[in-house]
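Residue numbers (mature numbering (1 follows the signal peptide of the UniProt record, and there is no 0)): -22 to -1, 1 to 194.
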């Protein structure tokens, strides 16, 4: 049963990745709001489909590196900040990530950073950021963490053993606001999607890969 659930989760996440890979093949056109009536095919093709693809891209982790776009932005910004070896407040680092990576979505980056640093049982087997302060407990599933004003973080020493620096030059990087930002995906030497697990739900797709042995 455990292997079957894992296979289903991998198939689900692979399907989402395939769907998201088509995002560069459609022309993003908005419907003319002045027109009183809209055909079903126009609404689905010009409004619903682009929204669905973007929802899946942002909510379902990439199978290759096990990261969502917001997590990838955090990791890329941490590498860019001289490998982020000097600790900083989560609040300050969140602002740095937002400015550096051209992040302009509504999701709170503070929570993303905190979750990437949590190291209690059931969260991350390999936390890419170090939790310097009260980052939550297993009892409350991490929800009892302190506010971002009072906790600090920095990159884990293991980061470049997983994400080899020599690979940076062969990655394909995205363009946001006229500048190069984070890559489309990283190439870790171990499958982080299985090591740390994945969980997400987009429009029409969802995935759950536990970071522990699943048994009924």
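The beta-carbon is built from N, C-alpha and C at its ideal position, and this holds for glycine as well. Given the structure is predicted, the values throughout are model-derived calculations rather than measurements.
Bounds of the beta strand (DSSP E) holding residue 184 are 184 to 187. A direct Cα-to-Cα measurement between residue 132 and residue 151 gives close to 23 Å. Annotation: the continuous alpha helix (DSSP H) that includes residue 49 extends over 47 to 58. Distances from the alpha-carbon of residue 119 to those of 111, 139 and 98 put 98 closest.
Beta-bridge analysis with DSSP links residue 108 to 132. Take the alpha-carbon of residue 182 and the one of residue 23: they are about 16 Å apart.
Assigned with DSSP and collapsed to three states, residue 177 falls in strand. Per DSSP, the beta-bridge partners of residue 151 are 161. Spatial neighbours of residue 81 in its own chain (CB-CB distance under 8 Å, excluding positions within 5 residues in sequence) are listed in chain order as 48, 51, 75 and 87.
No Cβ-Cβ contact shorter than 8 Å links residue 188 with residue 178. At least 8 Å separates the beta-carbon of residue 108 from that of residue 124. Separation of residue 43 and residue 71 (C-alpha to C-alpha, rounded to the nearest whole angstrom) is 22 Å. Minimum Cα-Cα distance from residue 55 among the listed residues 184, 158 and 171 corresponds to 158.
Annotation: residue 135 to residue 64 spans about 12 Å, alpha carbon to alpha carbon.
Between residue 161 and residue 141, the gap from beta carbon to beta carbon reaches 8 Å or more.
For residue 111, the closest C-alpha among the options 117, 102 and 129 is that of 129.
Within the same chain, 180 and 181 come within 8 Å of residue 33 by CB-CB distance, once the 5 residues on both sides are set aside. Contact between residue 100 and residue 190 holds: their C-beta atoms lie close to 7 Å from each other, under 8 Å. When the beta-carbon positions are compared, residue 67 and residue 106 stay at least 8 Å from each other.
The Cβ atoms of residue 173 and residue 103 sit closer than 8 Å to each other. Counting along the chain, the unbroken alpha helix (DSSP H) around residue 29 starts and ends at 27 to 37.
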